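Peer 1: Dropping a structure here in structure tokens format, bear with me for questions.
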Amino acid sequence: MTFFITCSFTGLLQEQAKEYNLKAAFIYNFTKYIEWNEPANENEFIIGIIGESSINDPLAEIVKTETVDNKKITIRHFTKPADISLCHILFISRNCNFPLEDILGKTSGKGTLIISEKNGYAEQGTAINFVTVKQKLKFEANVKALNAAGLTASSQLLKLAIIIK
Amino acid sequence: MTWFKNLSIKNKLILIQTTTAFIVVLICCIFFVLNDIRTFKESGKRKLFSLARIVGENAISTLVFFDQDAATQILSKLNKEPDISEAILLDKNGKLFAKHAMALPANGAEKLTINYKLYQDNEFLGTLILNAQLKDLNKIVTGYIQVAGLVLLTAIMASLLISIFLQRSIVYRLLRLVSKTKAVAKTGNYSLRVGNIGSDEIGILGGSFNAMLEQIEKMDSFLKETNAALKTYSTSLERKNRELEEFAYISSHDMKSPITSLRGLLTLMQDKDAIKPEHRNIFNLAVNSVLQIQKTINALNEIIAFRKTLRIEREKIDLSEALEEVRLRILDHKADQVVINADFTQCRHVNFPPVHLKSIFQNLLTNAIKYKQEGKPAIIDITATREENFVVLEVKDNGMGIDMDRFKDKLFGLFQRFHPDIEGTGIGLHMIHSIVESYGGRIYIDSVVDKGTTFKIYLNNAPLQ
Numbered sequence: 002m003t004f005f006i007t008c009s010f011t012g013l014l015q016e017q018a019k020e021y022n023l024k025a026a027f028i029y030n031f032t033k034y035i036e037w038n039e040p041a042n043e044n045e046f047i048i049g050i051i052g053e054s055s056i057n058d059p060l061a062e063i064v065k066t067e068t069v070d071n072k073k074i075t076i077r078h079f080t081k082p083a084d085i086s087l088c089h090i091l092f093i094s095r096n097c098n099f100p101l102e103d104i105l106g107k108t109s110g111k112g113t114l115i116i117s118e119k120n121g122y123a124e125q126g127t128a129i130n131f132v133t134v135k136q137k138l139k140f141e142a143n144v145k146a147l148n149a150a151g152l153t154a155s156s157q158l159l160k161l162a163i164i165i166k
Numbered sequence: 257m258t259w260f261k262n263l264s265i266k267n268k269l270i271l272i273q274t275t276t277a278f279i280v281v282l283i284c285c286i287f288f289v290l291n292d293i294r295t296f297k298e299s300g301k302r303k304l305f306s307l308a309r310i311v312g313e314n315a316i317s318t319l320v321f322f323d324q325d326a327a328t329q330i331l332s333k334l335n336k337e338p339d340i341s342e343a344i345l346l347d348k349n350g351k352l353f354a355k356h357a358m359a360l361p362a363n364g365a366e367k368l369t370i371n372y373k374l375y376q377d378n379e380f381l382g383t384l385i386l387n388a389q390l391k392d393l394n395k396i397v398t399g400y401i402q403v404a405g406l407v408l409l410t411a412i413m414a415s416l417l418i419s420i421f422l423q424r425s426i427v428y429r430l431l432r433l434v435s436k437t438k439a440v441a442k443t444g445n446y447s448l449r450v451g452n453i454g455s456d457e458i459g460i461l462g463g464s465f466n467a468m469l470e471q472i473e474k475m476d477s478f479l480k481e482t483n484a485a486l487k488t489y490s491t492s493l494e495r496k497n498r499e500l501e502e503f504a505y506i507s508s509h510d511m512k513s514p515i516t517s518l519r520g521l522l523t524l525m526q527d528k529d530a531i532k533p534e535h536r537n538i539f540n541l542a543v544n545s546v547l548q549i550q551k552t553i554n555a556l557n558e559i560i561a562f563r564k565t566l567r568i569e570r571e572k573i574d575l576s577e578a579l580e581e582v583r584l585r586i587l588d589h590k591a592d593q594v595v596i597n598a599d600f601t602q603c604r605h606v607n608f609p610p611v612h613l614k615s616i617f618q619n620l621l622t623n624a625i626k627y628k629q630e631g632k633p634a635i636i637d638i639t640a641t642r643e644e645n646f647v648v649l650e651v652k653d654n655g656m657g658i659d660m661d662r663f664k665d666k667l668f669g670l671f672q673r674f675h676p677d678i679e680g681t682g683i684g685l686h687m688i689h690s691i692v693e694s695y696g697g698r699i700y701i702d703s704v705v706d707k708g709t710t711f712k713i714y715l716n717n718a719p720l721q
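Just so you know, the protein sequences line up as chains A and B, in that order. Going by the numbering used here, the first sequence opens with residue 2, and the numbers climb by one from there. Going by the numbering used here, the second sequence opens with residue 257, and the numbers climb by one from there.
As structure tokens, then:
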């Protein structure tokens, strides 16, 4: 097992890096197509991450230069659902093994955009879920979940998403 | 342009008006067609630009999320646009992101390309390129040309009709004027007038023409009257002249025999010694007077006889032959004192009555010899040259000459004598003059006393009938 990992480590690492570069870019781009109805009073835009993920580095890179509505972007890492505090976006890493209900319960009604990367998660209630179709990164959108979180997604975004009802 | 110059005014006017209308309408048509083509192109461009804007804005999110399939799908919606042949979406690095090509028949239609750059929040995301063919343009141009042709045709027809109608007011009146002038020129009837002339330039022309006709008519009738009077006058003059000639002839003729018998009687008286010696002087004076009268009567008779010979037929004479004949007749004894240099190389013949030509030569030669300078031989130079319808005889002598200041006006008078101390009758120059003028010629005399005289005689040399 260790051997296998070592062998394909470089290739895998590159694949993973590319995937998470894209995902980080997507997450940032979502902010342009989604409106947060209740403007939080803070002077920062908070992106939370739960579970260990390779997205940390590319996202940190983007955060350095970009802003959302002229607000600085801050990244917060949570280790368990109980830690989750108020944030605009919560990214659930595929390495996060806590039950989804716990996480959703912690964030419901707080205007948080939940983004996941596990097949079937959108059906279970995350607003956006990354999937791979024909080796291409796509995303599912759960319109009900979006609306429940008090978010408005632009039609330009939805037309690219795989809509989950 | 000679053909245009010789075209009748009527056709000229029609041509000018029609051409003007044609050119004006043509220029208008060209202007409108070009303007419409430009407008069409511009509106095509605008339409294409707004299409690019709509499609481009729609495609921005596909660029953001790298969704090439969605981009291709958006572009493919353009296939409802008949003019667009190709739609290409490039990403921010200029690489092909999505493309859609419509199957359009390749034709000569004008190509149009629109590049629309896509931005989001001032960030350059990519470029949308639309390639289009304005294939309706050819159809529109063809349509315009057809319409323009129709308009041109209509304009030409209309201007033709109008000019035919309008030119009546100019050309019809001009033509009337022309036909009137022709009628006047042909018939010589100056009582004709142009009617209904108006007050424009043609009217002025017609009025002037009428005024001119009036003047001509007046002058014509005046000339006719004067002519008639002159004719009557000349007839009576002719008659009187004839009577005078008759009178002169009769009187000179009738005086001839009494004078002859008077002279005979006087001779008889002398023979019979009927004159006393102391009266001899008076008798001699009487005899001289009788001789004088007889001479005058003879000269008169000669002139009258000569006058009857004028107006005889002309014929072709050899000048040197005529001169030779005259020379032989007069130069019998004085031949050593006379030199005649005749040069007829420039003109050998003249059409003239031989009798009169010889008479001219004879009179001039006798005069030159008779009035030659004392102690010098008479040198006479004779030349003949041609000048239009005349043969010019130039006879130059080195004689005593004539005092032109005194006798200029009397040169050709009857019984005029310029050298009374030398015997003569005074009819020679008169006769030459009568001959030359009666055939339509002229004589010029140039003379210097003690140097000589030059006669320039223009003989009418008109071709014989």
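Idealized CB from N, CA, C, for every residue including glycine. In this text, all values refer to a predicted model and were calculated from it rather than measured experimentally.
Mark A/T3 as exposed unless 16 or more other C-beta atoms lie within 10 angstroms of its C-beta, in which case mark it buried.
Peer 2: Residue 3 of chain A sits at position 2 when you count from the first residue of the first sequence. The predicted position of A/T3 is uncertain, since its pLDDT is 43 and thus under 50; no value can be drawn from it.
Peer 1: So if I threshold CB-CB distances at 9 Å, which residues from the segment 313-325 of chain B count as touching chain A?
Peer 2: Listed by position along the chain: E313, N314, I316, S317, T318, V320, F321, F322, D323, Q324, D325.
Peer 1: Between which two residues does the alpha helix (DSSP H) containing A/T80 stretch?
Peer 2: Against the first sequence, residue 80 of chain A aligns to sequence position 79. Run containing A/T80: none; DSSP gives neither H nor E here.
Peer 1: What does B/Q376 touch in chain A if you count any residue whose Cβ is under 8 Å from its own?
Peer 2: As a first step, residue 376 of chain B must be located in the second sequence, where it is residue number 120. What B/Q376 touches in chain A: K33.
Peer 1: Nearest-angstrom Cα distance between B/F288 and B/I418?
Peer 2: On the second sequence, position 32 is the one that residue 288 of chain B refers to. On the second sequence, position 162 is the one that residue 418 of chain B refers to. Each residue's alpha carbon lies about 25 Å from the other.
Peer 1: Quick one: grab the DSSP three-state call for B/E581.
Peer 2: As a working note, residue 581 of chain B is residue 325 in the second sequence. It is helical.
Peer 1: Assign A/I74 to buried or exposed, taking buried as 16 or more other Cβ atoms, counted over all protein chains shown, within 10 Å of its Cβ.
Peer 2: Locating residue 74 of chain A in the first sequence gives position 73, counting from the first residue. Buried, by the Cβ-count rule.
Peer 1: Report the CB separation of A/P59 from A/A25 in whole angstroms; it is logged as a contact under 8 Å.
Peer 2: For this step, residue 59 of chain A is matched to residue 58 along the first sequence. For this step, residue 25 of chain A is matched to residue 24 along the first sequence. With 8 Å as the limit, A/P59 and A/A25 qualify as a contact, their Cβ atoms being about 4 Å apart.
Peer 1: With 8 Å set as the bound, which would you pick, yes or no: does the beta-carbon of A/K160 sit closer than that to a beta-carbon of chain B?
Peer 2: For the purposes of this step, residue 160 of chain A is taken as residue 159 along the first sequence, with counting starting at 1. Yes, its Cβ sits closer than 8 Å to a Cβ of chain B.
Peer 1: Closer than 8 Å, CB to CB, is A/F27 near chain B or not?
Peer 2: Along the first sequence, read from residue 1 onward, the residue named residue 27 of chain A stands at position 26. Closer than 8 Å: yes.
Peer 1: Using the beta-carbon of each residue, which ones in chain B are nearer than 9 Å to A/N120?
Peer 2: For the purposes of this step, residue 120 of chain A is taken as the residue at position 119 of the first sequence. By Cβ distance, chain B contributes nothing, its closest Cβ being about 19 Å from A/N120, past 9 Å.
Peer 1: Nearest to B/F322 by alpha carbon, out of A/A149, A/E20, A/T153?
Peer 2: Locating residue 322 of chain B in the second sequence gives position 66, counting from the first residue. It is A/E20 whose Cα lies nearest to the Cα of B/F322.
Peer 1: Compare the Cα-Cα distances from B/L386 to each of B/K551, B/G520, B/T709, B/R302 and report the closest residue.
Peer 2: Within the second sequence, residue 386 of chain B is the residue found at index 130, counting from 1. Closest option to B/L386, Cα to Cα, is B/R302.
Peer 1: Based on the DSSP output, what are the partners of B/A640 in its beta bridges?
Peer 2: Residue numbering aside, residue 640 of chain B sits at position 384 when the second sequence is read from its first letter. In the DSSP output, where bridge partners are listed per residue, B/A640 has B/L649.
Peer 1: Taking just the CA atoms, how far does B/S490 sit from B/Y695?
Peer 2: For the purposes of this step, residue 695 of chain B is taken as the residue at position 439 of the second sequence. For the purposes of this step, residue 490 of chain B is taken as the residue at position 234 of the second sequence. Going by the C-alpha atoms only, they are around 20 Å apart.
Peer 1: Measuring CB to CB, does B/N607 end up less than 8 Å from B/R570?
Peer 2: Within the second sequence, the letter at position 351 stands for residue 607 of chain B. Within the second sequence, the letter at position 314 stands for residue 570 of chain B. The answer is yes: Cβ separation under 8 Å.
Peer 1: Give me, in chain order, the residues of the same chain whose beta-carbon lies closer than 7 Å to that of B/V281; leave out the 5 immediate sequence neighbours on both sides.
Peer 2: Here residue 281 of chain B refers to the residue found at position 25 of the second sequence. If we look at B/V281 and ignore the five residues flanking it on each side, its Cβ neighbours are V407, L408, A411.
Peer 1: If the cut is a Cβ gap below 7 Å, which residues of chain B does A/N30 touch?
Peer 2: Position 29 of the first sequence, counting from 1, holds the residue named residue 30 of chain A. Simply V320, F321.
Peer 1: Strictly by DSSP, which residues pair up with B/K373?
Peer 2: For the purposes of this step, residue 373 of chain B is identified with residue 117 of the second sequence, where counting begins at 1. B/T383, per the DSSP bridge assignment.
Peer 1: DSSP three-state label for B/R698, please.
Peer 2: For this step, residue 698 of chain B is matched to residue 442 along the second sequence. Strand, per DSSP.
Peer 1: Report yes if the CB atom of B/N557 is closer than 8 Å to the CB atom of B/K626, and no otherwise.
Peer 2: One-based indexing of the second sequence puts residue 557 of chain B at position 301. One-based indexing of the second sequence puts residue 626 of chain B at position 370. Cβ distance not < 8 Å, so B/N557 and B/K626 don't count as in contact.
Peer 1: Taking C-beta to C-beta, are B/A315 and B/L374 nearer than 8 Å?
Peer 2: If you number the second sequence from 1, residue 315 of chain B lands on position 59. If you number the second sequence from 1, residue 374 of chain B lands on position 118. Result yes, Cβ atoms of B/A315 and B/L374 sit closer than 8 Å.
Peer 1: List, in order along the chain, the chain B residues whose C-beta lies closer than 8 Å to that of A/Q245?
Peer 2: The structure shown has nothing for residue 245 of chain A, since chain A only spans 2 to 166.
Peer 1: Taking the C-alpha atoms as reference points, what is the distance between B/L271 and B/T443?
Peer 2: Walking along the second sequence from the start, residue 271 of chain B turns up at place 15. Walking along the second sequence from the start, residue 443 of chain B turns up at place 187. Distance between the alpha carbons of B/L271 and B/T443 is about 34 Å.
Peer 1: Any idea which residues DSSP pairs B/Y768 with across the strands?
Peer 2: Residue 768 of chain B is absent from the model: chain B starts at 257 and stops at 721.
Peer 1: Beta-carbon within less than 6 Å of B/L579's beta-carbon, same chain only, minus the 5 sequence neighbours each way: which residues are those?
Peer 2: Taking the first residue of the second sequence as position 1, residue 579 of chain B is located at position 323. A598, F617.
Peer 1: Nearest by alpha-carbon distance to B/F305: which of B/S317, B/N291, B/T488, B/D339 is it?
Peer 2: The sequence position of residue 305 of chain B within the second sequence is 49, counting from 1. Out of B/S317, B/N291, B/T488, B/D339, B/D339 has the C-alpha closest to the C-alpha of B/F305.
Peer 1: What does A/N130 pair with, by DSSP beta-bridge criteria?
Peer 2: Here the question's residue 130 of chain A lines up with position 129 in the first sequence. Paired residue(s): A/S117, A/E141.
Peer 1: Which of the three DSSP states, helix, strand or coil, is assigned to A/G110?
Peer 2: Counted from its first residue, the first sequence places residue 110 of chain A at position 109. A/G110: coil per DSSP, three-state reduction.
Peer 1: For B/T622, which three-state DSSP category applies?
Peer 2: Indexing the second sequence from 1 puts residue 622 of chain B at position 366. Residue state, collapsed to three classes: helix.
Peer 1: Got a sec? Which residues, its chain only, sit under 6 Å from A/G151 by beta carbon, not counting five neighbours each side?
Peer 2: By one-based count along the first sequence, residue 151 of chain A stands at place 150. Result list for A/G151: N38, G112, in chain order.
Peer 1: Per DSSP, what kind of secondary structure is B/L461 in: helix, strand or coil?
Peer 2: Residue 461 of chain B sits at position 205 when you count from the first residue of the second sequence. Helix, per DSSP.
Peer 1: Touching or not, the segment 644-652 of chain B and the segment 703-719 of chain B, by the rule of three or more beta carbon pairs under 8 Å?
Peer 2: A contact exists between the segment 644-652 of chain B and the segment 703-719 of chain B.
Peer 1: Label A/I118 either buried or exposed according to how many other C-beta atoms from any shown protein chain fall within 10 Å of its C-beta, with 16 as the threshold for buried.
Peer 2: By 1-based counting over the first sequence, the position of residue 118 of chain A is 117. The question names Ile, but residue 118 of chain A in the sequence shown is Glu. Classification of A/E118: buried, given that the 10 Å Cβ count is 16 or more.
Peer 1: Can you tell me the Cα-Cα spacing of B/V397 and B/I279, whole angstroms?
Peer 2: What you label residue 397 of chain B is simply residue 141 of the second sequence in a count that begins at 1. What you label residue 279 of chain B is simply residue 23 of the second sequence in a count that begins at 1. Rounded to the nearest angstrom, the two C-alpha atoms are 20 Å apart.
Peer 1: Per the contact definition of three or more C-beta pairs closer than 8 Å, is the segment 75-94 of chain A in contact with the segment 136-144 of chain A?
Peer 2: No, because fewer than three Cβ pairs between the segment 136-144 of chain A and the segment 75-94 of chain A fall closer than 8 Å, the two stretches do not touch.
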